[in-house]
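Chains A and B, in that order, are what the protein sequence lines are. In terms of my numbering, the first sequence is residues 1 to 290. In terms of my numbering, the second sequence is residues 1001 to 1290. Yeah, the Cβ is synthetic: ideal placement off N, Cα and C, and Gly gets one too. The model shown is predicted, which means the values in this text are computed figures rather than measured ones. For reference, the structure is listed below as structure tokens.
Protein chains: 2
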Amino acid sequence: MTASALDECTVAIVGLGLMGGSLGLALRGHCAHRIGIDIDHGGEAGAIEAGAIDEFAPLATAAARADIVVLAVPVRQVALLAGDIAAWMRPGRVLTDLGSTKVDACAALDSVDERIETIGGHPMCGREVSGITHADGTLFQGARWVLSPTLRTTEYARALVGELVDAAGAIAVDVDRHVHDEAVATASHLPYVIAQALAGTLVEADARTSGVAGRLAATGFRGATRLASGDVQMWLDVLATNEANVRTSIGSMQRHLADLADALDDAERLEHLLRGGRAAMETARTIDRD
Amino acid sequence: MTASALDECTVAIVGLGLMGGSLGLALRGHCAHRIGIDIDHGGEAGAIEAGAIDEFAPLATAAARADIVVLAVPVRQVALLAGDIAAWMRPGRVLTDLGSTKVDACAALDSVDERIETIGGHPMCGREVSGITHADGTLFQGARWVLSPTLRTTEYARALVGELVDAAGAIAVDVDRHVHDEAVATASHLPYVIAQALAGTLVEADARTSGVAGRLAATGFRGATRLASGDVQMWLDVLATNEANVRTSIGSMQRHLADLADALDDAERLEHLLRGGRAAMETARTIDRD
Chain A
1 MTASALDECT VAIVGLGLMG GSLGLALRGH CAHRIGIDID HGGEAGAIEA
51 GAIDEFAPLA TAAARADIVV LAVPVRQVAL LAGDIAAWMR PGRVLTDLGS
101 TKVDACAALD SVDERIETIG GHPMCGREVS GITHADGTLF QGARWVLSPT
151 LRTTEYARAL VGELVDAAGA IAVDVDRHVH DEAVATASHL PYVIAQALAG
201 TLVEADARTS GVAGRLAATG FRGATRLASG DVQMWLDVLA TNEANVRTSI
251 GSMQRHLADL ADALDDAERL EHLLRGGRAA METARTIDRD
Chain B
1001 MTASALDECT VAIVGLGLMG GSLGLALRGH CAHRIGIDID HGGEAGAIEA
1051 GAIDEFAPLA TAAARADIVV LAVPVRQVAL LAGDIAAWMR PGRVLTDLGS
1101 TKVDACAALD SVDERIETIG GHPMCGREVS GITHADGTLF QGARWVLSPT
1151 LRTTEYARAL VGELVDAAGA IAVDVDRHVH DEAVATASHL PYVIAQALAG
1201 TLVEADARTS GVAGRLAATG FRGATRLASG DVQMWLDVLA TNEANVRTSI
1251 GSMQRHLADL ADALDDAERL EHLLRGGRAA METARTIDRD
């Protein structure tokens, strides 16, 4: 018999960094039991102390006992771990992930042991900090949580993971894996690439102005570059698994920058472009309020 | 006789938008009297109601009575107004401005009636809102306020405007007009141009993904594009008076983006670039804590 509702489930969380730890905290009281595994980093003791998990266990043991396994590891590790973990799980149980890109992760979830049900997931939130010490049970509140179907997705798997998303306070959004990766290339990965490029640009301007540019970088600048402080290893994983889409987004960005540069000496054209960009931002804010 | 300290001064603020209104509020109790003038917009009644000024008067009258005149108008209007206002002021009185670029504004302040003392100014703060209704006496708290000398700057003018900067809670930084404009092209104007280009890029990605890109734009994206909501007319003034430097900054940004795009299929090179950008951001934060 498979538990039919989250509150009867044992949830195993693989990876106890910011995301896994925060999910553990968010699920407190919403599931029967939380087991944590932090393969390389040994964060289990900290996670128990923080109240993010109830116990820790070796990966195979945890997988065998769980009704839901959540892979909260960098996206390239999802592909490495999914097959083994599924093989340890009991038939009819559900495997999902929190990976930042979905084409590669869903391909791994497509091809696991056919007795296991899978669905890809990506909570659209994040911080520029990492690790269990920054775990926060409210991290997912109000965030969109993409669910991408795999060849192993059943109605049951979608419903159960949907319950988990609800319990975390997030909003489930069903999105095809390819559409997801193309969308986040611009909505999420490009802002990181831009923050990185802007940081490099400031270093050059700082050299040209004997340090004045850095001293005059005000609030607007810090808002625009905040993302560059993110965990490099995590971002290398993200960019490596979404290379073609990110390249397309950077190309689009380069064309818009060139248009603006060309219009700098044409007041009418510049005003047209700036009003268009401002209107686009207003539209984006309206969408966000849905 | 010239009043020797701010608390004996009558301050005239020309322009009662966000900056002028906020300055009026910040100076409450720090000067003898505050006169406001809002040439085209008729914001005087609102400014009195908000407590930002004590009275309003026609421009010529206010200039004749003031010990300090602060031009809180878009930067291209500084050049249009400075000569006339100086001609109405009494000998030995001080004229300054809050313009976002300093080469053009200081050129105007160089060439006013030689009995008037002048110094260029630029408080490095701002909001994505405008108008007297958003005026805030704490707007300048902790911000850097650039002071750029003109041909009419005396020790007295520097000291008196320095007192005004202190009273507003800001930190005076003496910077040559050319160095200022080169520095802010990257530290302040480029982030706006980038936010604009990013907004345009999102519109394209949104069309390619049937609206998914816009729906998935999370916190990081909104932080990166917040500046695009700024007042277009104000930004047209800023960009028009700093065209060459902004063009240089956009060029530098485009080279950094191209480097990152080129490195997407070279993990070692990409990691090197991302670690460099992250370190640059950490350095920028340290500078900011000075």
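Original post:
Any Cβ of chain B within less than 8 Å of the Cβ of A:Arg65?
Top reply: no
Subject >> Backbone CA spacing between B:Asp1110 and B:Ile1068 [nearest angstrom] >> reply: 16 Å
Subject >> Nearest-angstrom Cβ-Cβ length linking A:Gly277 and B:Ala1063, presumed shorter than 8 Å >> reply: With 8 Å as the limit, A:Gly277 and B:Ala1063 do not qualify as a contact, their Cβ atoms being about 38 Å apart.
Subject >> Interfacial residues, the segment 7-25 of chain A to chain B, with Cβ spacing under 9 Å >> reply: none
Subject >> Secondary structure, alpha helix (DSSP H): runs of 4+ residues fully inside the segment 41-78 of chain A >> reply: 44-50, 59-65
**OP:** Please list the segments of the alpha helix (DSSP H) lying wholly inside the segment 1144-1199 of chain B, counting only runs of 4 or more residues, in order along the chain.
**Re:** 1155-1167, 1177-1184
**OP:** Starting from A:Ile37, find everything on chain B with Cβ-Cβ shorter than 8 Å and list it in chain order.
**Re:** Chain B residues near A:Ile37: none, gap ~27 Å exceeds 8 Å.
Subject >> Chain-ordered chain A contacts of B:Asp1040 [CB-CB under 7 Å] >> reply: The contacting residues do not exist; B:Asp1040 stays about 18 Å from chain A at best.
**OP:** State yes or no: is the beta carbon of A:Ser130 nearer than 8 Å to at least one beta carbon in chain B?
**Re:** no
**OP:** Name the two residues that bound the continuous beta strand (DSSP E) containing A:Thr10.
**Re:** 10-14
**OP:** Determine the extent of the beta strand (DSSP E) in which B:Val1246 is found, giving its start and end residues.
**Re:** Unbroken run through B:Val1246 is the alpha helix (DSSP H), 1243-1262; no beta strand (DSSP E).
**OP:** Please confirm if the segment 1096-1115 of chain B is in contact with the segment 173-181 of chain A, defined as three or more CB-CB distances below 8 Å between the two stretches.
**Re:** no
Original post:
Can you tell which of A:Glu243, A:Cys106, A:Ala107, A:Thr61 has its C-alpha closest to the C-alpha of A:Met89?
Top reply: A:Thr61
Original post:
In chain order, what residues of the same chain have a beta carbon less than 8 Å from the beta carbon of B:Gly1162, not counting five sequence neighbours either side?
Top reply: Leu1147, Ala1172
**OP:** Excluding the 5 residues preceding and the 5 following A:Ala291 in the sequence, name in chain order all residues of the same chain whose CB lies nearer than 6 Å to its CB.
**Re:** There is simply no residue 291 of chain A to check, as chain A begins at 1 and stops at 290 in what is shown.
Subject >> Three-state class that DSSP yields for A:Thr118 in the structure shown >> reply: strand
Original post:
Does the beta-carbon of A:Leu274 have 16 or more other beta-carbons within 10 angstroms, so that it is buried, or is it exposed?
Top reply: buried
Original post:
Can you list the residues of chain A that B:Arg1247 reaches, using a CB-CB cut of under 8 Å?
Top reply: Ala261, Leu264
Original post:
Among A:Ala50, A:Thr10, A:Leu25, which residue has its Cα nearest to the Cα of A:Gly57?
Top reply: Sequence inspection shows Ala at residue 57 of chain A; the Gly mentioned does not correspond to that position. Out of A:Ala50, A:Thr10, A:Leu25, A:Thr10 has the C-alpha closest to the C-alpha of A:Ala57.
**OP:** Assign B:Gly1042 to one of two classes, buried (16 or more other C-beta atoms within 10 Å of its C-beta) or exposed (fewer than that).
**Re:** exposed
Original post:
Over what stretch of residues does the beta strand (DSSP E) that includes A:Arg28 continue unbroken?
Top reply: That residue, A:Arg28, is in no beta strand (DSSP E); it is neither H nor E in DSSP.
Original post:
Can you list the residues of chain B that A:Arg278 reaches, using a CB-CB cut of under 7 Å?
Top reply: Ala1228, Ser1229, Val1232
Original post:
Would B:Gln1196 be called buried (16 or more neighbouring beta carbons within 10 Å of its own) or exposed?
Top reply: buried
Subject >> Beta-carbon spacing of B:Asp1097, B:Val1078 below 8 Å >> reply: yes
Subject >> C-beta contact flag for B:Val1075 and B:Gly1099 at 8 Å >> reply: yes
Subject >> A:Met281, DSSP secondary structure in three states >> reply: helix
Original post:
Looking at the C-beta of B:Met1089, does it have a partner C-beta in chain A at a distance below 8 Å?
Top reply: no
Original post:
Shortest alpha-carbon distance to B:Arg1222 belongs to which of A:Lys102, A:Ile119, A:Ala187, A:Gln141?
Top reply: A:Ala187
**OP:** Kindly indicate the opening and closing residues of the alpha helix (DSSP H) around A:Val94.
**Re:** Note, A:Val94: premise wrong, no alpha helix (DSSP H); beta strand (DSSP E) at 94-97.
Original post:
Relative to the C-alpha of A:Thr225, which residue among B:Ala1244, B:Ile1194, B:Asp1007 is closest?
Top reply: B:Ile1194
Original post:
With respect to the alpha helix (DSSP H) encompassing B:Gly1214, which residues constitute its N-terminal and C-terminal limits?
Top reply: 1212-1216
Original post:
Where does the unbroken alpha helix (DSSP H) through A:Cys106 begin, and where does it stop?
Top reply: 103-110
**OP:** Starting from the C-beta of A:Arg28, find all residues in its chain whose C-beta is less than 6 Å away, skip the five residues before and the five after it, and write them out in chain order.
**Re:** none
**OP:** Can you pull the chain A residues whose beta carbon is under 8 Å from the beta carbon of B:Arg1275, in chain order?
**Re:** Val232
Subject >> Secondary structure of B:Arg1269, DSSP reduced to three states >> reply: helix
Subject >> Residue from B:Glu1282, B:Gly1092, B:His1030 whose Cα sits closest to the Cα of B:Glu1155 >> reply: B:Gly1092
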